[in-house]
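Heads up: the structure comes next, in structure tokens.
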Amino acid sequence: ETRVRSEIMNRILSYSKIKLNGEIYKNPSNIISTIKKKNDLFEPEYLYRCHGDLHFANILVSHDYDFMLVDPRGDLEPWDIAYDIGKLIHSCHGLYDFLHTDQFDLKMQKSTFWLDFKNKKSIAEYTKIYAELPKLLGKPKFQAVLGADFMLRGLFNEAMHFLTLMPFHLQHERRAIAMYVTGVKLINELERRICG
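Each residue of the sequence shown is one higher than the last, beginning at 1 in the UniProt record's numbering.
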């Protein structure tokens, strides 16, 4: 459906490789089989009831650091909590919030893309949050629920979030492209991490 709705996305999806900010990445269709061979790495030990859309915009924080989670998906079936971890990671690592609000510059020339974010001060804060996330979630009280491989499963979910967001943003083609190439970068980084 995406290929039909957007000529430019059809072209991007057809490239075997793309270049993003000087790095060459394989398009996801060329690495899916590798990821599938490592499927056991992404199997959760337990399933839980999850929020379902736990990105930063759905976490309200007061001045005294009390917080409230809003806009849960409402699915009552249990699933992998790494889905929610992936949503947190896609906010602070993949920088979804900046892409979603068009705080970026994107240049394209065939299969070559340059993506740059505008709000450097906020990006630095998000980077700090991402650096602290494994430490926080790696504490024993979380390990019992998340499992030892929660970051790997979270990074997989982060990549999947970006790769599957594109059709929902086609009315803003530039944003859809930025999200997709971010997903391409993330799934390639994950492949390198699990395959060496």
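Where is the CB? At the ideal position from N, CA and C, for every residue including glycine.
Checklist line | At least 3 beta-carbon pairs within less than 8 Å: the region 184 to 192 vs the region 157 to 173 | finding: yes
Notebook entry, point to check: Nearest CA to the CA of residue 133: which residue from 171, 97, 92?
Noted result: Locating residue 133 in the sequence shown gives position 133, counting from the first residue. The candidate whose alpha carbon is nearest that of residue 133 is 92.
Check: When we look at the beta-carbon of residue 6 and count the other beta-carbons within 10 Å, is it buried (16 or more) or exposed?
Finding: Counting from 1 along the sequence shown, the entry for residue 6 is found at position 6. So residue 6 counts as buried.
Item checked: Segment contact flag, the region 77 to 91 with the region 149 to 161, C-beta cutoff 8 Å, min 3 pairs -> yes
Margin query: Quick check on the DSSP output: the beta strand (DSSP E) that includes residue 15 runs from which residue to which?
Written below: As a working mapping, residue 15 is identified with position 15 in the sequence shown. Looking at the DSSP string, residue 15 is not in any beta strand (DSSP E), and its letter there is neither H nor E.
Next item on the list: Note down the Cα distance separating residue 145 from residue 136, rounded to an integer number of angstroms.
Entry: Position 145 of the sequence shown holds residue 145. Position 136 of the sequence shown holds residue 136. So the alpha carbons of these two residues sit roughly 13 Å apart.
Notebook entry, point to check: Quick one: what does DSSP say residue 143 is sitting in, helix, strand or coil?
Noted result: One-based indexing of the sequence shown puts residue 143 at position 143. Of the three classes helix, strand and coil, the one that applies to residue 143 here is helix, per DSSP.
Checklist line | Residues that DSSP places opposite residue 34 in a beta bridge | finding: Taking the first residue of the sequence shown as position 1, residue 34 is located at position 34. Answer is none; residue 34 lacks a bridge partner.
Notebook entry, point to check: Nearest-angstrom Cα distance between residue 111 and residue 102?
Noted result: Position 111 of the sequence shown holds residue 111. Position 102 of the sequence shown holds residue 102. When rounded, the distance between both Cα atoms is 21 Å.
Next item on the list: Report the rounded CA-to-CA distance for residue 34 versus residue 64, giving the unit in angstroms.
Entry: Locating residue 34 in the sequence shown gives position 34, where the first residue counts as 1. Locating residue 64 in the sequence shown gives position 64, where the first residue counts as 1. Using only the alpha carbons, I get a separation of about 46 Å.
Checklist line | Outcome for residue 24 when other beta-carbon atoms lying within 10 angstroms are tallied against a minimum of 16 | finding: Counting from 1 along the sequence shown, the entry for residue 24 is found at position 24. Exposed, by the Cβ-count rule.
Next item on the list: Return helix, strand or coil for residue 123, following the three-state DSSP convention.
Entry: If you number the sequence shown from 1, residue 123 lands on position 123. Three-state DSSP puts residue 123 in a helix.
Checklist line | Member of 48, 167, 127 whose CA lies at the smallest distance from the CA of residue 97 | finding: In the sequence shown, the residue the question calls residue 97 occupies position 97. When each option's Cα is compared against that of residue 97, the closest is 127.
Check: Going by alpha carbons, who is nearest to residue 8 out of 176, 60, 130?
Finding: Locating residue 8 in the sequence shown gives position 8, where the first residue counts as 1. Measuring from the Cα of residue 8, the nearest candidate turns out to be 176.
Margin query: Within a Cβ cutoff of 6 Å, which residues of the same chain sit near residue 52, ignoring the five residues on either side of it in sequence?
Written below: Here residue 52 corresponds to residue number 52 of the sequence shown, with the count starting at 1. For residue 52, where only same-chain residues beyond five positions count, the Cβ hits under 6 Å are 72, 73, 75.
Notebook entry, point to check: Do you know how far the Cα of residue 14 is from the Cα of residue 151?
Noted result: To locate residue 151, count along the sequence shown from 1; it is residue 151. To locate residue 14, count along the sequence shown from 1; it is residue 14. Distance between the alpha carbons of residue 151 and residue 14: 30 Å.
Next item on the list: Check residue 81 in the structure and name its three-state DSSP category.
Entry: On the sequence shown, position 81 is the one that residue 81 refers to. Coil, per DSSP.
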